[in-house]
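Asker: Residue numbers in the sequence shown follow the numbering used here, run continuously in steps of one, and reach 192 at the last position.
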Amino acid sequence: MKKDIRIIISAALFLVIGLILACEREERGFRVQQPDSNRIASKQLGTLQAGETAPTPVTQNEYENNALALSTGKQLFSQMNCTGCHAHGGGGIGPPLMDAKWIYGSQPEQVFATIVEGRPNGMPAFRNKLSDQQVWQLAAYVRSISGQAPKDTAPGRDDDMQAKTPENSQHKEKPKNVAVPKSAETSQ
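(1) Can you give the Cα-Cα distance for Cys86 and Leu142, rounded to whole angstroms?
(2) Can you grab the Cα-Cα spacing for the pair Arg72 / Ala144, in whole Å?
(3) Would you call the CB atoms of Ser209 and Ser148 closer than 9 angstroms?
(4) State the Cα-Cα distance for the pair Pro154 and Glu68, rounded to the nearest angstrom.
(5) Using a Cβ-Cβ cut-off of 7 angstroms (strictly less than) and excluding sequence neighbours within five positions of Pro140, which residues of its own chain qualify?
(6) Excluding the 5 residues preceding and the 5 following Thr76 in the sequence, name in chain order all residues of the same chain whose CB lies nearer than 7 angstroms to its CB.
(7) Excluding five sequence neighbours on each side, which residues of the same chain lie with their C-beta closer than 7 angstroms to the C-beta of Leu101?
(8) Take Thr118 and list the residues in its own chain whose beta-carbon comes closer than 7 angstroms to its own, dropping the five residues that flank it on each side.
(9) Leu19: buried (16+ other C-beta within 10 angstroms of its C-beta) or exposed?
(10) With DSSP as the reference, identify every bridge partner of Met127, one or two as the case may be.
Structural data, given as structure tokens:
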């Protein structure tokens, strides 16, 4: 009788271990290959150059496909006070980041160069203030604000544990008229 119980327990234990090992886990790329920051050219003041120019290849920022990197970029966006000028992407003192009009380009290497080098009329340079990895994460988040990152990389919750949905998952809303004071609004 004891031998039969041991066999049943062993078989059940073997079955449970087999089921656990057979389950597929979500595979997350925690070790993302960072783009080569050394080949990013600094600011180009004009489009005229001597000799033939070959089109520069677009750099693939793998951080755009990584929810953890986008969350880190979002935290950096807040910590480096980017919201002070860009107002969470809607613009303010600095240009908006949610539309299709990007003054200095929307490609990953162009956003990287803008963050590192800064731009005239207000955009500070963050060279030596952020590591290359942090700049690539911030660039990935900045591109995600305008919907240029895949929607499935949005984190499942906001990093600050607030009750709002992540930027990549928000639905289109009708803008509110902020020019009219609340005291002048009429209730319908």
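Think of the CB as a built atom: it goes at the ideal place given N, C-alpha and C, for glycine as much as any other residue.
It should be emphasised that the depicted structure is a prediction, and the values quoted were computed from it without experimental measurement.
Answerer: So, from the listed chains and residues:
(1) Working through the sequence shown from its first residue, we reach residue 86 at position 82. Working through the sequence shown from its first residue, we reach residue 142 at position 138. Going from the Cα of Cys86 to the Cα of Leu142 covers about 10 angstroms.
(2) Here residue 72 refers to the residue found at position 68 when the sequence shown is read from its first residue. Here residue 144 refers to the residue found at position 140 when the sequence shown is read from its first residue. The sequence as given places Leu at residue 72; Arg does not occur at that position. The C-alpha of Ala144 is placed about 11 angstroms away from the C-alpha of Leu72.
(3) Outside the modelled stretch of the chain, which goes from 5 to 192, sits residue 209, for which no answer is possible.
(4) Counted from its first residue, the sequence shown places residue 154 at position 150. Counted from its first residue, the sequence shown places residue 68 at position 64. Distance between Pro154 and Glu68, taken at the CA atoms: about 7 angstroms.
(5) In the sequence shown, residue 140 corresponds to position 136, counting from 1. With the sequence shown as reference, residue 140 is identified as Trp, and Pro is not the correct amino acid for it. If we look at Trp140 and ignore the five residues flanking it on each side, its Cβ neighbours are Gln38, Pro39, Asn65, Tyr67, Phe116.
(6) Taking the sequence shown and counting its residues from 1, the one referred to as residue 76 is at position 72. These residues qualify, in order along the chain: Gln141.
(7) Counting from one through the sequence shown, the residue named residue 101 turns up at place 97. Excluding residues within five positions, the ones whose Cβ falls inside 7 angstroms are His90, Gly93, Val146, Ile149, Ser150.
(8) Numbered from its first residue, the sequence shown carries residue 118 at position 114. Within the same chain, Tyr108, Met127 come within 7 angstroms of Thr118 by CB-CB distance, once the 5 residues on both sides are set aside.
(9) Numbered from its first residue, the sequence shown carries residue 19 at position 15. Per the 10 Å Cβ criterion, exposed.
(10) Locating residue 127 in the sequence shown gives position 123, where the first residue counts as 1. In DSSP, Met127 forms a bridge with Arg123.
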